[in-house]
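Residue numbers (the working numbering), protein chains in the order written: chain P, 165 to 426; chain X, -4 to 634.
This is the structure we're talking about:
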């Protein structure tokens, strides 16, 4: 694909810290190659700002290959921008036209307070995983890996769920700022695997209890999350999680009474 | 400085078992009386922090990312090796050991590599137990694929996201301990200094990257799992934040740095498009299972569309030169071969720095849907970056910096030359010699973290009095905090004209040109004069807006670049002093008639470990001789 040069106008959210009210600032991004990634375009703007003695735009980013889940901003009203199944770092400037105005904002949610400019605090996700998003398998306690055959279809479905990169776009896209897609991906992955069965019902309860404590909204099936997920995590995981959560409401017993079955 | 490798006696296959029995234990009730700091939360760091906490130690874990799940281990694509021999194709612990020693061109320590091969099987068991969704066959058993430098299929994988899945497994084990209160996690914290008291590592100084606050954190043992320093090249497959700062600042406190010039240039990365480029993206080596690498036979055909070049006019150069390994020749050899055809004027793409990785045969043989199942996410990633569809047009690839085999020197127990400072994963030098084989980085990171450090660190702690962690009031801790504060004030006070990125890009150009895929004496000497000049200019003309008491990404970057500007010099010095070619270290003066690396086992069958002797002074080069008793020194051949 042949390279073209773009001149763009950016409206970027600037906010000094969590207390600051914040505002949009306008910048020109000139001589932008269509071969650049979106973050490389912002690198150019930032270098220019530093040369002018101004503070560059703060943004989270790291691997720049779409897997670490660090980057994330709302581009023209859509988390991670216009391309489906694409993180901000993998979005390239060939998705834009010369003369475009691009609006860039942080992920907005009560549970994701802004730290600075486009950088937000997503530590609520950490606490949700710490509440139960794991299989308890202390180092050294495992049996031979092939002693537990797992049907390929189960393993593949679990992998679909495990592809979540924890970026938070699902929360930013949801009108309720719900984190159900994120949470359900982990519940679903571990619940689909035989290793995940002993903790299956406590896991979903504990994770949802933490979710409620973190000021995320509830899921009302808008499905905006699925539309923006860069890793194609599907709504069916929410359905699977809901079934587990419902089941846990009926069948859950305190751990000491549940060893003999449900 | 004395380099005592502390390799246990006995036959190679008995050493680790014997050592495990000989090591001292800490009584379970006493474990909570010891505090362990882990810096870095990738495969090695997260697995070590979780495993140490499970044992009962009090653990604090620091990472610069906003979450431990984001460490760059997450980007490893292809797989993790283990000697399970599930496929009955002749694999064994000894063969994995043999392949790794040979792949490293006989510059790794035999005993460490053997232990790595031994625990490789435990890693797979552990990860499956955690719920890592490895690829499976229809019968429900684990699938494998092949990787470079091996003739058996021993690589376990989770689509093209194996590193992600292994890291999430380790991360979830770590999160479980955080939830239980046994690990205190410090995300968005960057290590600034190592605190050494009476010659023993007792703490670190960290900067809170949100508030800018600098604090001392004390412990009984420090584990660095801070990854490699390949970002010294500016363009690399590393995450933007990856850096050599923790290792370098430990070096300046007395930890020897081993084989700094051993850098891995990975053959299959997406080529550079222009000066705006901020990083390079790897296309997994697993693609070489089915993709065929070629360039046109004739220079004149380079600008033609690849589909217009008939089979008879293509040069499948790896298959031609290395018929028995073909497209799965090891990384150093494949990279050099790509450089040679491009130097020959037969490179493709607008820059002429590229070769084709072609899936047409595989798509014909297996069908597009099978190819999609195996490599779909990689094909999509390629399309996102280049705008080209690899199902229709062959991928264009070119070598890029990917891994550093060199790192802080460690003994068999993974302890550096500073007692109490352990180094795990890519940050140490121990297992891969002069070239790492594919799918071995994940193996090593997890081996160190899950199965080696929990034993060897325990052995060290058993020799320390419980509840004796020093306080932050010691003058050593205060001095280290002051040093960290002073450096930041100095960086902020320069007020020059050039940005951190401009310095980094300039450094990268010097390193890629003179200390990259091919090195020679004149080039290395040139680099050794250019780097100090650039470093001097950095300290005179750097510009960082903002202050130190807030989020300041320019300041973070500048701190890391200031270390790269010193580390790069040591890399060049090491490359200059190692007058031989081995693995990824290719000195043009030492090559065979066919252009292959020519080792000098008489003079260089050793590890070079450098000791810091003060700023501006030439560091001391120490030598740890390597003994090959189980794999006989031989010229590597993949023909």
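Every residue, glycine too, gets a C-beta built ideally from N, C-alpha and C.
*Compare the C-beta of residue 200 of chain P against all C-beta atoms of chain X and say whether one is closer than 9 Å.*
As a working note, residue 200 of chain P is residue 36 in the first chain. Judged by the 9 Å Cβ criterion, residue 200 of chain P is in contact with chain X.
_Euclidean distance between Cα positions of residue 292 of chain X and residue 308 of chain X_ = Locating residue 292 of chain X in the second chain gives position 297, where the first residue counts as 1. Locating residue 308 of chain X in the second chain gives position 313, where the first residue counts as 1. When rounded, the distance between both Cα atoms is 5 Å.
*Distance, Cα to Cα, residue 222 of chain X vs residue 127 of chain X?*
What you label residue 222 of chain X is simply residue 227 of the second chain in a count that begins at 1. What you label residue 127 of chain X is simply residue 132 of the second chain in a count that begins at 1. In this structure, the CA atom of residue 222 of chain X is about 22 Å from the CA atom of residue 127 of chain X.
*With DSSP collapsed to three states, give me the class of residue 197 of chain X.*
Along the second chain, read from residue 1 onward, the residue named residue 197 of chain X stands at position 202. Correct three-state label for residue 197 of chain X: strand.
*Give a yes or no on contact between the segment 531 to 541 of chain X and the segment 485 to 494 of chain X, applying the rule of three or more CB pairs nearer than 8 Å.*
When C-beta atoms of the segment 531 to 541 of chain X are compared with those of the segment 485 to 494 of chain X, three or more pairs fall below 8 Å, so the two segments count as touching.
_I'd like the list of long-range same chain contacts for residue 458 of chain X, defined as Cβ closer than 8 Å, with 5 residues on each side in sequence excluded._
Walking along the second chain from the start, residue 458 of chain X turns up at place 463. Excluding its 5 nearest sequence neighbours in each direction, residue 458 of chain X has C-beta neighbours in its own chain below 8 Å: 19, listed in chain order.
_Assigned exposure category for residue 49 of chain X - 16 Cβ within 10 Å defines buried_ = What you label residue 49 of chain X is simply residue 54 of the second chain in a count that begins at 1. Per the 10 Å Cβ criterion, buried.
*chain X beta carbons: is any one of them nearer than 9 Å to that of residue 302 of chain P?*
Residue mapping note: residue 302 of chain P aligns to position 138 of the first chain, counting from 1. Closer than 9 Å to some Cβ of chain X, the Cβ of residue 302 of chain P qualifies, so yes.
*Could you tell me the distance, in whole angstroms, from the CA atom of residue 13 of chain X to the CA atom of residue 393 of chain P?*
Sequence index remark: in the second chain, residue 13 of chain X carries index 18 (1-based). Sequence index remark: in the first chain, residue 393 of chain P carries index 229 (1-based). Each residue's Cα considered, the two are about 50 Å apart.
*Nearest-angstrom Cα separation, counted from residue 607 of chain X out to residue 251 of chain X*: As a first step, residue 251 of chain X is located in the second chain; it is residue number 256 there, counting from the start. As a first step, residue 607 of chain X is located in the second chain; it is residue number 612 there, counting from the start. Computed Cα separation, rounded: 7 Å.
*Buried/exposed call for residue 308 of chain P, threshold 16 Cβ in 10 Å*: Within the first chain, residue 308 of chain P is the residue found at index 144, counting from 1. Exposed: under 16 other Cβ atoms inside 10 Å.
_Would you say the beta carbon of residue 633 of chain X is closer than 8 Å to some non-hydrogen atom of the ligand FAD?_
Because no ligand of any kind appears in the structure shown, any question about the ligand FAD cannot be addressed here.
_Per-residue DSSP class, three states only, for residue 47 of chain X_ = Residue mapping note: residue 47 of chain X aligns to position 52 of the second chain, counting from 1. Under the three-state reduction of DSSP output, residue 47 of chain X falls in the helix class.
*Just the chain P side, please: which residues come within less than 8 Å of residue 299 of chain X by C-beta, in chain order?*
Numbered from its first residue, the second chain carries residue 299 of chain X at position 304. None at all; the shortest Cβ gap to chain P is about 16 Å.
*How about residue 393 of chain P: is its C-beta nearer than 9 Å to some C-beta of chain B?*
Here chain B cannot be found, since the structure's protein chains are P and X.
*Starting from residue 323 of chain P, follow its DSSP beta bridges and name the residues at the other end.*
Translated into positions along the first chain, residue 323 of chain P becomes position 159. Answer is none; residue 323 of chain P lacks a bridge partner.
*Interface residues of chain X around residue 168 of chain P at Cβ under 8 Å?*
If you number the first chain from 1, residue 168 of chain P lands on position 4. What residue 168 of chain P touches in chain X: nothing, since even the nearest Cβ is about 11 Å away.
_contact_flag[the segment 313 to 332 of chain X, the segment 260 to 267 of chain X] where n(CB pairs < 8 Å) is 3 or more_ = Yes, since at least three Cβ pairs between the segment 313 to 332 of chain X and the segment 260 to 267 of chain X fall closer than 8 Å, the two stretches touch.
*Quick one: Cα of residue 355 of chain P to Cα of residue 382 of chain P, how far?*
Sequence index remark: in the first chain, residue 355 of chain P carries index 191 (1-based). Sequence index remark: in the first chain, residue 382 of chain P carries index 218 (1-based). About 21 Å.
*Which of helix, strand or coil DSSP assigns to residue 509 of chain X*: Numbered from its first residue, the second chain carries residue 509 of chain X at position 514. DSSP, read as helix, strand or coil, puts residue 509 of chain X in helix.
*asked:* Check for me: the beta strand (DSSP E) holding residue 534 of chain X runs from which residue to which?
replied: Within the second chain, the letter at position 539 stands for residue 534 of chain X. It is not in any beta strand (DSSP E) - residue 534 of chain X instead sits in the alpha helix (DSSP H) that spans 516 to 536.
*Under the three-state reduction of DSSP, which class applies to residue 14 of chain X: helix, strand or coil?*
For this step, residue 14 of chain X is matched to residue 19 along the second chain. It is helical.
*Closest to residue 409 of chain X by CA distance: which of X:369, X:466, X:9 and X:39 is it?*
Here residue 409 of chain X is taken as the residue at index 414 of the second chain, counted from 1. Among X:369, X:466, X:9 and X:39, the Cα nearest to that of residue 409 of chain X is on X:39.
*Under 7 Å between beta-carbons, which chain P residues line up against residue 235 of chain X? List them in chain order, please.*
As a first step, residue 235 of chain X is located in the second chain; it is residue number 240 there, counting from the start. Ordered by position in chain P, the residues that pass the 7 Å Cβ test against residue 235 of chain X are 225, 226 and 228.
*Ordered along the chain, which non-local residues of its own chain (more than five positions away) have a Cβ less than 7 Å from that of residue 635 of chain X?*
Chain X is shown from -4 up to 634; residue 635 of chain X falls before or after that span and cannot be answered.
_Applying the 10 Å Cβ sphere with the 16-neighbour rule, what's the burial state of residue 358 of chain P?_
Working through the first chain from its first residue, we reach residue 358 of chain P at position 194. The C-beta of residue 358 of chain P has fewer than 16 other C-beta atoms within 10 Å across all chains shown, which makes the residue exposed.
*asked:* For chain P, check one thing: does any of its Cβ atoms lie closer than 9 Å to the Cβ of residue 163 of chain X?
replied: As a working note, residue 163 of chain X is residue 168 in the second chain. Interface with chain P (9 Å Cβ-Cβ cutoff): residue 163 of chain X is included.
*asked:* Between which residues of its own chain and residue 223 of chain P is the CB-CB distance below 8 Å, once the five residues before and five after are set aside?
replied: Position 59 of the first chain, counted from the first residue, corresponds to residue 223 of chain P. Within the same chain, residue 223 of chain P has close Cβ partners 203, 206, 235, 237, 281, 282 and 283.
_Let me see if you follow: with CB-CB separation under 9 Å, is residue 323 of chain P close to chain X or not?_
If you number the first chain from 1, residue 323 of chain P lands on position 159. Yes, its Cβ sits closer than 9 Å to a Cβ of chain X.
*Between X:9, X:73 and X:17, which lies nearest to residue 88 of chain X when the distance is taken from Cα to Cα?*
The count along the second chain starts at 1 and reaches residue 88 of chain X at position 93. Among X:9, X:73 and X:17, the Cα nearest to that of residue 88 of chain X belongs to X:9.
*Could you tell me whether the segment 157 to 164 of chain X touches the segment 184 to 204 of chain X, using the rule of 3 or more Cβ pairs below 8 Å?*
Inter-segment contact for the segment 157 to 164 of chain X and the segment 184 to 204 of chain X is absent: fewer than three beta-carbon pairs are separated by less than 8 Å.
*For residue 187 of chain X, name the three-state secondary structure that DSSP assigns.*
On the second chain, position 192 is the one that residue 187 of chain X refers to. The answer is strand: DSSP assigns residue 187 of chain X an E or B state.
*Are the C-beta of residue 426 of chain P and some C-beta of chain X separated by less than 9 Å?*
One-based indexing of the first chain puts residue 426 of chain P at position 262. Confidence at residue 426 of chain P is low in this model, with a pLDDT of 44, below 50, so the placement of that residue is unreliable and no value is reported for it.
_Per-residue DSSP class, three states only, for residue 635 of chain X_ = Since the first and last residues shown for chain X are -4 and 634, residue 635 of chain X lies out of range.
*Expected contact under 8 Å - CB spacing of residue 569 of chain X and residue 107 of chain X to nearest Å*: Numbered from its first residue, the second chain carries residue 569 of chain X at position 574. Numbered from its first residue, the second chain carries residue 107 of chain X at position 112. The Cβ separation is near 20 Å, so there is no contact.
*Quick one: any contact between the segment 286 to 299 of chain P and the segment 114 to 123 of chain X, if contact means 3 or more CB pairs under 8 Å?*
The answer is no - the segment 114 to 123 of chain X does not touch the segment 286 to 299 of chain P, with fewer than three Cβ pairs under 8 Å.
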